[in-house]
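Keeping their order, the protein sequence lines are chains A and B. Residue 321 is where the first sequence ends in the numbering used here, and the numbering goes up by one at each step. Residue 1321 is where the second sequence ends in the numbering used here, and the numbering goes up by one at each step. Just so you know, even glycine gets a beta-carbon here, dropped at the ideal spot from N, CA and C. Bear in mind that the values here come from a model prediction, so they are computed numbers and not experimental data.
2 protein chains.
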Amino acid sequence: MHRRQFLATGAAMAAWSVTTFVPSWAQNAPNLGTPTLPDPGFARQKVGDMEIIAVNDGVARRPLGEEFVRNAPIGEVKAMLASQNLSTDYIDIPFTPFVVVRGSERILIDTGLGEFAPPTAGKFVANLAAAGLQPGDITQVLISHYHGDHINGLRKRDGSWTFPNAKVHVPSVEHAYWMDDAKMAAAPEGLKGAFQGARRVFADMPADKLVVFEPGRTVLPGIASIVAFGHTPGHTLFEATSAGQVFTYLADLTNVPTLFARNPDWAVQFDMDAEAARKVRREMLARVAASNALVGGFHFPFPAFGRKTPAGNGYAFEPVA
Amino acid sequence: MHRRQFLATGAAMAAWSVTTFVPSWAQNAPNLGTPTLPDPGFARQKVGDMEIIAVNDGVARRPLGEEFVRNAPIGEVKAMLASQNLSTDYIDIPFTPFVVVRGSERILIDTGLGEFAPPTAGKFVANLAAAGLQPGDITQVLISHYHGDHINGLRKRDGSWTFPNAKVHVPSVEHAYWMDDAKMAAAPEGLKGAFQGARRVFADMPADKLVVFEPGRTVLPGIASIVAFGHTPGHTLFEATSAGQVFTYLADLTNVPTLFARNPDWAVQFDMDAEAARKVRREMLARVAASNALVGGFHFPFPAFGRKTPAGNGYAFEPVA
């Protein structure tokens, strides 16, 4: 790659970085090493008559700065990391979409970064293949919100659809927000890339591919959506039930649970309405702890499946074996 | 009772009849006999670490008229009833609130008619006592919507609170609609009683007793609300989960399932937005059939607990043993 191409790519990536968690790999950053990617990059769980597959898209290593937790001194953040034997220099942020396999349906929840990823991510399609599925097998895609790591994988650089046979279900409130030209015009510069990203993916999506649903309602038989506005204006969770067993997808209710489930009052820099996000984080964590539901989170440590149990002022994440 | 008092009471009841399903007992109606009330009037189900108690408030017998199913010829309605060995002269409509017993919590879902009931209803408090609980034991009340049979029991004729120790959780959209004076002024006469009823119950409810929640969000730990607008503007369902087991309260998603689950496209006269109600009825019935969740419905035949299974163009209700 020529230096000019590299710089252009770097600039493009920087424009995405607020919403895609792309780390500072293209910038002058201290060498923090490379995150370990899960191998194999998928994990299966049986839930009633469904199989849920966690399919890792990769991991981004992000230097820990003052800005990452908005409302806590960095010393407290580092102490929390150290208490869990984690590095205090960086945060490893995994990206994990889930696939619900049920009868002939293959329902993908969020997409990963697709062809718009740093070198340690964009692995979803390869890991999906390792799990025995091809993109053409996906029948439905459910989107929690429009940050780039959740939608970029819907569409390739050449404009073609990654999942050509899938309908794409999006929360009405989220779609309306990001597709609103007036809101884009009024947005701070750092957020404009996310508006452009939503347009790249959705602006000319055919009407028979796009399904806009009302958050809080049923999306598909057996699959509920849950209002969790705050992280973004229309941030929405999903809950799949089969034969009385439950899988709750928590999307970005927390970023890494080591910080934000342990201390639900902490706000990650990406929470657009920190107060609303905090309220729904407390509500939902209490709910899934009470129900003992199997939960999955987009930024949870792989296998990204587990349960939430009360711990101190917040919740621990107990991964399944 | 003097004749004048009786007439006054009759007129007051008639004003409530649209929303409370009070039958024509105060009017000149053919003698259709009296519905059989369940005895005992309660039934228990274990769901994870919770116990759910269905507590019957009574049954109203309603002569079957052309208006009951808005969009079907009465011949088809009668054929559907006859096919299930039910009378074609009347509909028996039960009223069944549920109590979730979980640790020290006693969470009541909807209230029944309280002291504003025809002779064959208003039995909730007596049946609650038969199940071993007093009104003062109730710690929380969840309200699905503001039709009188769901809220009247919150408050006695003398203005006192039936459940003095309970907070009352109401859907924001529903509360805003019925408490809006402009909407009351613009409402057709037949609906004004329901607006007045909402005011009787809620107008001076103390702020520390009333909790307004956003439909689609978590209401209490382990208890979700589900957007099901249509039957009323803010009609909301509840789903309680414990140890991976699920109880879904379907409120007025259907009136009697013998008609409206068997044929989800039929609209009961009480559905305020028939098209929206039909859409969410189809969605939710498909969801609870797929999940095989234990469901409860306010107007389901006692014990009001059961499961939905596909049948013909709709769903059968299979009561639990």
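Let me know the secondary structure DSSP gives residue i once reduced to three states.
i               : result
E174 (chain A)  : helix
T1258 (chain B) : helix
D92 (chain A)   : strand
E1067 (chain B) : coil
G197 (chain A)  : helix
G1306 (chain B) : strand
G314 (chain A)  : strand
F42 (chain A)   : strand
V1077 (chain B) : helix
K123 (chain A)  : coil
L285 (chain A)  : helix
P135 (chain A)  : helix
S1144 (chain B) : coil
S87 (chain A)   : coil
R157 (chain A)  : coil
L1128 (chain B) : helix
L1191 (chain B) : helix
H150 (chain A)  : helix
Checking contacts by CB at 8 Å: is residue i closer than that to chain B?
i              : result
I52 (chain A)  : no
I74 (chain A)  : no
G230 (chain A) : no
G222 (chain A) : yes
V168 (chain A) : no
R157 (chain A) : no
V280 (chain A) : yes
A286 (chain A) : yes
Starting from residue i, find everything on chain A with Cβ-Cβ shorter than 9 Å and list it in chain order.
i               : result
S1242 (chain B) : A290, S291 and N292
By Cβ distance, which residues of its chain are closer than 6 Å to residue i, with the 5 residues on each side in sequence left out?
i               : result
S1024 (chain B) : For S1024 (chain B), the pLDDT reaches just 39, beneath the cut-off of 50, and the residue's location in the model is therefore unreliable, leaving the point undetermined.
N255 (chain A)  : V268 and H299
R1102 (chain B) : M1050
V1320 (chain B) : F1305 and G1306
D273 (chain A)  : G230
H235 (chain A)  : H145, A228 and F229
E1067 (chain B) : Q1269
I1107 (chain B) : V1100 and Q1140
L1081 (chain B) : T1088
L128 (chain A)  : V55
Just tell me which of the options has its CA closest to the CA of residue i.
i               : options                               : result
T1309 (chain B) : B:P1119, B:D1265 and B:S1291          : B:S1291
A1207 (chain B) : B:Y1177, B:H1145, B:L1191 and B:H1169 : B:H1169
A270 (chain A)  : A:L142, A:A304, A:H147 and A:V99      : The displayed chain sequence assigns Phe, not Ala, to residue 270 (chain A). That would be A:H147, whose Cα lies nearest to the Cα of F270 (chain A).
A115 (chain A)  : A:N152, A:P97 and A:A82               : Per the sequence presented here, residue 115 (chain A) reads as Glu, with Ala not at that position. Of A:N152, A:P97 and A:A82, the residue nearest in Cα terms is A:N152.
V1212 (chain B) : B:H1145, B:L1253 and B:L1250          : B:H1145
M1179 (chain B) : B:G1033, B:R1199, B:K1192 and B:F1163 : B:R1199
A1240 (chain B) : B:A1043, B:G1048 and B:F1042          : B:G1048
For a contact meaning CB atoms closer than 7 Å, what does residue i contact in chain B?
i              : result
E283 (chain A) : R1217 and T1218
Going along chain A, which residues have a C-beta under 8 Å from residue i?
i               : result
V1246 (chain B) : T241, G244 and V246
R1106 (chain B) : Those do not exist, as R1106 (chain B) stays about 16 Å from chain A at its closest Cβ, beyond 8 Å.
Would a check of beta-carbon distances place residue i closer than 8 Å to chain A?
i               : result
I1109 (chain B) : no
R1044 (chain B) : no
V1022 (chain B) : With a pLDDT of 42 at V1022 (chain B), under the threshold of 50, the modelled position of this residue cannot be trusted; read the value that follows with caution. No, because no Cβ of chain A sits closer than 8 Å to the Cβ of V1022 (chain B).
Can you list, in chain order, the residues of its chain whose CB lies under 7 Å from that of residue i, leaving out five sequence neighbours each side?
i               : result
D265 (chain A)  : R278
P1040 (chain B) : A1130
G1058 (chain B) : L1037, F1095, A1117, T1120, A1121, G1122 and K1123
Y90 (chain A)   : L32, R61, R62, P63 and L64
E318 (chain A)  : G306, R307 and T309
Quick one: which chain A residues come within Cβ less than 7 Å of residue i?
i               : result
E1322 (chain B) : Only positions 1001 to 1321 of chain B appear in this structure, which leaves residue 1322 (chain B) out of reach.
Apart from the five residues just before and just after residue i, which ones in its own chain have a Cβ nearer than 8 Å to its Cβ?
i               : result
P1161 (chain B) : The question names Pro, but residue 1161 (chain B) in the sequence shown is Trp. So the list reads L1154, R1155 and K1209, once near-sequence residues are dropped.
K1183 (chain B) : Y1177 and F1195
I138 (chain A)  : V99, R106, I107, L108, F163, N165 and A166
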